[in-house]
Ligand code: GLV
Ligand code: GLV
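In full-length UniProt numbering, the protein residues as written are 14 to 368.
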């Protein structure tokens, strides 16, 4: 191969591998057993010659790594994720490295996990499962694992981008929930969908669902029964849900997070869960992954899963393919933006050329 590309992890499927090796690329997939690679591990992988890297959200792609990649002749990096809070895009610009991410292919899969966590929390599925396995079921009782009915309740969505909108659509149409959303941008498509669905219900003699766009995030927290967080993590969304905001929520509300852990102040959340046994939470992400704040794992009113929101076979293979296309497009100079699989241009496409 004329080009050398490194993938810091093995990824699902073979399409991404074939795409690269059919195009004169010598692909090296890291076989290191430890889950999270350090900056030094990645510098060693990059070596003296490396045209591009496919990396993971667990890695710290800052000044040091982009400098190393640039020294090795590299011009392309793709995160295998839609979120890129682990990537310093300005540092990449400085070293002339194009940065890609993998949006689009994970929208529905991620929204489906947010919906799964919502149902699991509402119906106390995990607690009930543990109860069965512990051999505690000794007969049907009117009070056994009574949870919340979603129909007619209000789902609150904070961040109505692709994933937030898909989740809203699932909860409104699937469970006939009302919708209140907060986003800096109006989500016209989502509003049209909920309006049309409301008309459909009315035409069938059912109570139409109602929706509104909130003028503040606090309005969503105060009014919604199930709240799902879908913002991008940056300085403005760090600890977006803190002690004060938890206190605004209904005592029996359900909070879902499939975005990034630091969006919630997890210490405050653990305290809130302890004080409010009827408040429930469904978490896919944590503030200091892979760790949880002390006390969280002991809370029965928390459903917790290990950052698996995008983990469907179709999506993970799609993410790997997009990541490979991102890198390949840059190093081969393909018109990658015309590729039907390519939903977004490089994140720093409009950045000034390196000095
Ligand atoms: C996963 O968390 C992603 O951002 O794709
Ligand atoms: C991510 O794909 C989002 O915009 O929600």
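All residues carry an ideal CB built from backbone N, CA and C; glycine is no exception.
Residue nearest to residue i in terms of C-alpha spacing, selected from the options
i: residue 193; options: 118, 234 and 63; result: 234
i: residue 265; options: 167, 123, 60 and 82; result: 167
i: residue 340; options: 14, 19 and 147; result: 19
i: residue 73; options: 123, 219, 66 and 101; result: 101
i: residue 171; options: 270, 122, 314 and 130; result: 270
i: residue 331; options: 17, 105, 26 and 22; result: 26
i: residue 257; options: 267, 130, 281 and 268; result: 281
i: residue 116; options: 105, 125, 94 and 110; result: 94
i: residue 65; options: 274, 92 and 50; result: 92
i: residue 178; options: 214, 118 and 243; result: 243
i: residue 128; options: 85, 107, 163 and 140; result: 163
i: residue 205; options: 218, 197 and 185; result: 185
Coarse secondary structure for residue i, derived from DSSP in three states
i: residue 150; result: coil
i: residue 99; result: coil
i: residue 136; result: helix
i: residue 354; result: Its pLDDT being 45, under 50, residue 354 is placed unreliably in this model, and the value from its coordinates should be taken loosely. Three-state result, residue 354: coil.
i: residue 94; result: coil
i: residue 185; result: helix
i: residue 364; result: For residue 364, the predicted model reports a pLDDT of 46, less than 50, meaning its position is unreliable and no value from the coordinates is stated.
i: residue 280; result: helix
i: residue 113; result: strand
i: residue 72; result: coil
i: residue 164; result: coil
i: residue 108; result: coil
i: residue 79; result: helix
Those residues which DSSP pairs with residue i across a bridge
i: residue 171; result: 195 and 242
i: residue 65; result: 18 and 89
i: residue 301; result: 304
i: residue 118; result: For residue 118, which the question treats as bridged, DSSP gives no partner whatsoever.
i: residue 296; result: 270 and 317
Any C-beta of chain B under 7 Å from that of residue i
i: residue 175; result: The structure shown contains no chain B; it is built from a single protein chain.
Can you give, in chain order, each stretch of the beta strand (DSSP E) that sits fully within the region 200 to 277 and has at least 3 residues? Qualifying beta strand (DSSP E) stretches, in chain order: 224 to 226, 239 to 242 and 267 to 270.
Start-end ranges of the beta strand (DSSP E) lying completely within the region 315 to 344, minimum 3 residues: The DSSP assignment places 315 to 317 as complete runs of the beta strand (DSSP E) inside the region 315 to 344, in order along the chain (cut-off: 3 residues).
Let me know the beta strand (DSSP E) ranges lying completely inside the region 37 to 63, each 3 residues or longer, listed in chain order. Secondary structure in the region 37 to 63: the beta strand (DSSP E) runs of 3 residues or longer, each lying completely within the stretch, are 38 to 42 in chain order.
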